[in-house]
Amino acid sequence: MNFEEFKDKVLAYAKKKGLEAELNYEMEYEFSIMLSNGELDQYSDAGSRSVMLKVLKNGKLGVSSTEIFEEPERLVEEAEENMKLVDSEEEELLYDGKGDYPSYPSMKTYFGEFEKLSVKDKMDFAFNIHKHAKEDKRIIMVPRAVFAHFVRESRIINTLGLELFYKGDGGYAYAMTLAADNSPRAGLYFDVSTVPEGLNSELIGKKAAEEAIMKIGSKSLKSGKYRVILRNDVVSEIFGMLAGMVSAERAQKNLTPLKNKLGEKVGSDILNILDLPYFPGSIFNRPFDSEGVPTQEKKVFENGVFKTFLHNLKTAKKENRKSTGNARGLSEIAPVNFVIEKGNYDYNQLLKEMNSGVVITDVEGMHSGSNPISGNFSLGARGYRVENGEIVGGVEQITISGNILEILKNVEAVGSDIKVFLSCISPSLLIKEIDVAGNEK
Amino acid sequence: MVLEKKLVEDVLYTVIKNGGDFAEVFVENRFSTRMEMKDGKLEKVASSKEFGIGIRGFLGTKAVYAYTNDTSIDNLLAVAKRVGQALGEIKVEEITLNLEKVDIPNRHVVYLYPQDVSKDMKVDIMRKAYSSAKNFSNLITQVVVHFWDYDQKILVANTEGTFAEDRRVRTRLMIQAVAERNGEMERGFYGPGAGMGFEFFDRIDVEEAGRRAARIAVRMVEAEPAPAGKMPVIISNEFGGVIFHEAVGHALEATSVAKGASVFAGKLGEKVAAECVSAVDDATIPNAWGSANIDDEGTPTQRTVLIENGILKGYLIDKLGERRMNMKSTGSGRRQNYKFAPTSRMSNTFILRGEYYPEEIIAATDYGLYAKSMGGGSVNPATGEFNFAVNEGYLIEKGKITKPVKGATLIGKGYEIIQKIDMVGNDLDRGQGMCGSFSGSVPADVGQPTIRVSEIIVGGRNR
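Chains A and B supply the protein sequences, listed in that same order.
All residue numbers for the first sequence refer to the numbering used here, where the first residue is 1 and numbers rise by one.
All residue numbers for the second sequence refer to the numbering used here, where the first residue is 1001 and numbers rise by one.
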C-alpha cells in the first residue's frame, strides 16, 4: 500500500490501542559517479524509504521500523511489545507543536539544481576532476575522482497533531591522489555544496594533487611538545568529538567530562562555539530536529565559558526545561551545525603568528583513537613543518595526543578561513602545544 | 523469498537487453532488534525490518548499481532498464537464463533464531552483564549494555546462472563500563558476538564479559599516560589481530590491489612479512562472526591463505576483482546491506599460531608496551599508513609487566610492520568487530596469537 494509506492505518490502530504514536518517514535518493584512474568504476543511481514508529504510553516509548509498507498492525504491535519491556523511569514524550518554543526558522534547504544536471554533465564533471588531479607529472595515480548528489525528505506525523515536512538536497565531490616518492604520498580534497555552482572540478582536482605533492619528502618528527596549527578541516574532525560531549544525555548519565562544568570557563577567551540551525552552504541545515522541535540558535561556548548542554525532549523534561531542538535519530543528541566562530587571521597570517611549529593537515583514527568519556585522543597525523612562518617540508608518521579540554584552553589564535564540509564547521586554529610522537632521533 | 524466480529473470533480462555483459540481482530481507540499557534500566528497545533489492550490471570492468525498496514489477523493471542504459553498450543480443537453485550445504547451523526467543530472555542477559560489570569495583560509575541481533535472508541471482540463497544470523552483546577516580573518567569495552542465535549465551560467560569491560575501565582510570616514541610492542591475542586487519588485510583486498593502489599489488610469491608470519581469511569457520555460506555475490565462501611463512600467497577477490585481475573470486564480495554495491572484504582474518608462550614473549622483552586490549583502527591501503588504538596497555620493564598506561595509539606502515614481527605466540584466538569500508559496515573477526613487533611508534604523552 502507499505511505498515506499505511500511515493512516498505523495511527488509527495505535489510537485504538490507547497509544500515542509518531511516524518518522525518510526518503533518500542518491546519485554518484566514481572514476578510478580516469575510468568509470562505479555508477550508482538509487533511492530508498523507511518509516520509524514510536508509540508512547505512561511515559514509556517503544520503537519499530520498516521499509515495506505492509502489515500496519504488526508494526504497532511490535512497537508496543518493545515499549512494555522498557523499565527506565525517565519520562519520554512526543512533541505536540505547541508550547513556549520559537517558531520554526525559515530557510531554504531544497534547491533542485543538482537534479537538473544531465548524466553527461555529471560524467564530464568527474572526468574534469580527474584531468586536473592528474595534470602534474608527480601525480602517479588518481585512485578516485567522485561526483555525487542526493535528495532527502522527511515527514513527522503524530497523534498529538504535529505534521512536519522537510526536503533538502546537496552534492559533494572529491579526489584522491598519489604522488611518487620513496613511498607513495596520498592526497585528498573534498568539497560539498547545496548547488552545482559551489563545486569546482578544476579546483578539487588541483587541490587534491597539491595535497599529495606537498607531502613529497615527508619525514617524521622527534617526539616532544610542539606548537601546532590544526587546519580547518582537521578541526572539523577533532571537534566532532566535542560535539558529542555537550549532550545532556551524556551529562545525566555521567558519560562526559563536561558534566559539572556548566558556567565554567573551560576554554580560551577567544573561543566561541555556536550551534546554528542554518549556516550558508551547509548540507546539514534543518528547521526542526528528529522529534519535530524547532532548531534554535545558541552559544555553546562563549569567550571560553561553557554555556549550555544540548537537549532533546527527554533530557529537558528531566531538568524541567525546554528541549534545545537537538534530537538526532532515535536517541542521539547532536548540534545541527557546530560552528567555531571565525577570527581575524587568514591562513598565512596564522603561519606567521606560529613562526615555528607544525601544521596538521590530516588526522586518522578519530573513531578509535578518541575517547569522548575522558576527552583524550591520540591520532595518526600528517602535515607540514613550519620555520620562520614558512612551510619547509612535509611531516608523516607522527601521532598527536592530548585532551580536547586542554586544546580548548590552548587556543592562541583563530583563523578566518572557514571550511564548510562536515556538520562541525571551523576555521584553522593555532594551539599552544600538543604532544607529538615520532621516530626521528 | 518475496521475489518470484520469473521476476528475477525478467529483471536480469531487462538489464542485459539495455546494456552490459553481466547482470545481478540481490534481494535482502532482514529483521533486527537493538536494545540499550543504562544504569541497569532498559531505555531503548527498537526492532526493524529492512527489505530491498539491489540491481547491478557490468560492462567489462565498469559497474553500475541501483537499489530500491519499491517491489512493484513496473518499478523493478524501470530500475533494471536504467542500470542497463547507464552501462551503455548492448553486448548480448540473445540470452537464455537457466536459473537453477544450487543447494549449498549449511555450515552455520542456528538453534534459537532471534524471533523465536522472547526479548525478556535477552534482557536478562543484559542485566547479568550489567550487574557483573557494576559490581566489579566501586570505581565503576556507569555501565551501558547493548544487545543486537538480526536474521538476514538473502537471494543472489546473476546472468552466469547463479541462483543462491543464504541466511545469516548474528548475535552480539556490547558492554561499556566507565570508571571514575579523582574526577578522571575512563572506559572499558568488550563486545563478544557470533554467527549464532541465542544459543551463543550458552557458549560464553556473560558475567566474565561484564567483568572484563569493568576491569579495563578500572585499570585505565588508575593508569598514567603511555610513553611516546618508538619501542617494542607486544600485542595480546584475540582482538589484537586488528593490527593485521588494518596494517595488511585491507591492502590485500581486490578493491585496492586491482587498481595498483595497494602497496602489495604485484607482489604475489614475494616475501612481504617476517618468516614467522602466516595468515588466512576464512569465512567457512562454523558460526563465526564474519562467516557465511556464500558471499553477497552468490559465490561459495572459502579459506584463503594470504601469507605463508612470510610469502604473499593470495588476495581477497570479488566479482569485479575477478574481471580486473584475471583471478578467481575468493568468495569475498560483501556489503552492509542492499544499499551498497558489494566489494572485496575480509571475513574472519587472522595470523596463525606460533611457538612461544605469551609469558616467554614478555620475559624476553627488556622495555616496551604490552597492548592487552585493542580498540579499532584505520588504514590507507595505497600508502600502507595505519593507526589503531590501545584500550588497555601496560608498561614492560626488564621482562615484567610493571604498570598500566593509557591513551596510546600505534601507527606505522603496514608493509614495514609485518616484517618487524619477531615473536609469534601459541595462544591464537579471535575477537569481533565491525569493519567499515566502501561497501559499508560488515561483521568481521580479527585474530592472532600474542605477537611482538620489534619497534613501532607509540603515540603517547611526553614526560
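Yeah, the Cβ is synthetic: ideal placement off N, Cα and C, and Gly gets one too.
Suppose contacts are defined by Cβ-Cβ distances below 8 Å. Is residue i in contact with residue j by that definition?
i: THR1162/B; j: PHE1244/B; result: no
i: ASP1282/B; j: SER1347/B; result: yes
i: PRO143/A; j: LYS1259/B; result: yes
i: GLU291/A; j: ALA327/A; result: yes
i: ASP362/A; j: SER401/A; result: no
i: VAL228/A; j: ILE418/A; result: no
i: LEU1097/B; j: THR1033/B; result: no
i: ARG152/A; j: LEU164/A; result: no
i: ILE140/A; j: ALA180/A; result: yes
i: LYS265/A; j: VAL300/A; result: no
i: VAL1027/B; j: LEU1155/B; result: yes
i: ASN82/A; j: SER64/A; result: yes
i: ASN37/A; j: SER220/A; result: no
Whose CA, out of the options, lies closest to the CA of residue i?
i: ARG1107/B; options: LYS1122/B, ASP1166/B, VAL1064/B; result: ASP1166/B
i: SER1131/B; options: PHE1189/B, GLU1308/B, GLY1393/B, ALA1177/B; result: ALA1177/B
i: VAL1458/B; options: TYR1370/B, ASN1138/B, GLY1054/B; result: TYR1370/B
i: SER374/A; options: ALA1223/B, GLU1100/B, VAL1233/B; result: ALA1223/B
i: VAL339/A; options: LYS298/A, LYS307/A, ALA14/A, MET27/A; result: LYS298/A
i: VAL1257/B; options: LEU1316/B, ARG1187/B, ALA1247/B; result: LEU1316/B
i: GLY1399/B; options: ARG1452/B, GLY1060/B, MET1374/B, ALA1274/B; result: ARG1452/B
i: LEU255/A; options: MET1185/B, ILE1235/B, GLN1432/B; result: MET1185/B
i: VAL51/A; options: GLY38/A, LEU330/A, LEU408/A, PRO105/A; result: LEU330/A
i: LEU1112/B; options: PHE1201/B, GLY1249/B, ARG1056/B; result: PHE1201/B
i: TYR104/A; options: GLU440/A, PHE377/A, TYR166/A; result: TYR166/A
i: ASN396/A; options: SER218/A, PHE377/A, LYS317/A; result: One point to set straight first is that residue 396/A is Glu, not Asn, in the sequence displayed. Selected option, being the one with the closest Cα: SER218/A.
State the DSSP-derived secondary structure class of residue i, mapped to helix, strand or coil.
i: HIS311/A; result: coil
i: LYS419/A; result: strand
i: HIS1245/B; result: helix
i: PRO1225/B; result: strand
i: LEU302/A; result: Before going further, note that residue 302/A is Glu rather than Leu in the sequence given. Looking at GLU302/A - three-state DSSP - the assignment turns out to be strand.
i: ILE340/A; result: strand
i: PHE1264/B; result: coil
i: VAL1015/B; result: helix
i: ARG1212/B; result: helix
i: PHE485/A; result: There is simply no residue 485/A to check, as chain A begins at 1 and stops at 441 in what is shown.
i: HIS132/A; result: helix
i: HIS1108/B; result: coil
i: MET1220/B; result: helix
i: PRO1192/B; result: coil
i: GLU22/A; result: strand
i: LEU53/A; result: strand
i: ALA212/A; result: helix
i: MET1434/B; result: strand
i: GLY205/A; result: helix
Would you kindly report the start and end of the unbroken alpha helix (DSSP H) that includes residue i?
i: HIS1146/B; result: Element bounds for HIS1146/B: not the alpha helix (DSSP H) but the beta strand (DSSP E), 1140 to 1158.
i: LEU85/A; result: 72 to 85
i: ALA12/A; result: 3 to 16
i: PRO1358/B; result: 1358 to 1363
i: GLU353/A; result: 347 to 354
i: PHE1255/B; result: The question names Phe, but residue 1255/B in the sequence shown is Thr. Segment 1254 to 1257, the alpha helix (DSSP H) holding THR1255/B.
Ends of the beta strand (DSSP E) at residue i?
i: ASN403/A; result: 390 to 403
i: GLN1176/B; result: 1163 to 1181
i: PRO1404/B; result: 1400 to 1406
i: GLN1302/B; result: Premise fails: GLN1302/B is in no beta strand (DSSP E) and is neither H nor E.
i: ARG1030/B; result: 1022 to 1038
i: ASN376/A; result: 376 to 387
Inset, instruction - Please determine if the region 385 to 394 of chain A and the region 351 to 360 of chain A are in contact, where contact requires at least 3 C-beta pairs separated by less than 8 Å. - result: yes
Inset, instruction - Take every Cβ of the region 1326 to 1341 of chain B, pair it with every Cβ of the region 1061 to 1075 of chain B, and state whether three or more of those distances are shorter than 8 Å. - result: yes
Legend entry - Three-pair Cβ contact test at 8 Å for the region 206 to 214 of chain A versus the region 184 to 191 of chain A: yes
Inset, instruction - Compile a chain-ordered list of the residues in the region 353 to 372 of chain A whose CB is closer than 8 Å to at least one CB of chain E. - result: As a matter of chain content, chain E is missing from the structure shown, whose protein chains are A and B.
Inset, instruction - Could you say if the region 1033 to 1047 of chain B and the region 76 to 91 of chain A meet the contact criterion of at least three C-beta pairs nearer than 8 Å? - result: yes
Legend entry - Touching by the beta-carbon criterion (3+ pairs, under 8 Å), the region 1232 to 1241 of chain B and the region 1203 to 1218 of chain B: no
Inset, instruction - Could you say if the region 410 to 417 of chain A and the region 1402 to 1413 of chain B meet the contact criterion of at least three C-beta pairs nearer than 8 Å? - result: no
Legend entry - Three CB pairs or more closer than 8 Å across the region 1010 to 1025 of chain B and the region 302 to 322 of chain A: no
Inset, instruction - Flag this pair as touching only if the region 423 to 435 of chain A and the region 1047 to 1063 of chain B have three or more C-beta atom pairs under 8 Å; answer yes or no. - result: no
Inset, instruction - Decide if the region 1381 to 1395 of chain B is in contact with the region 1405 to 1423 of chain B; the criterion is three or more beta carbon pairs, one per stretch, under 8 Å apart. - result: yes
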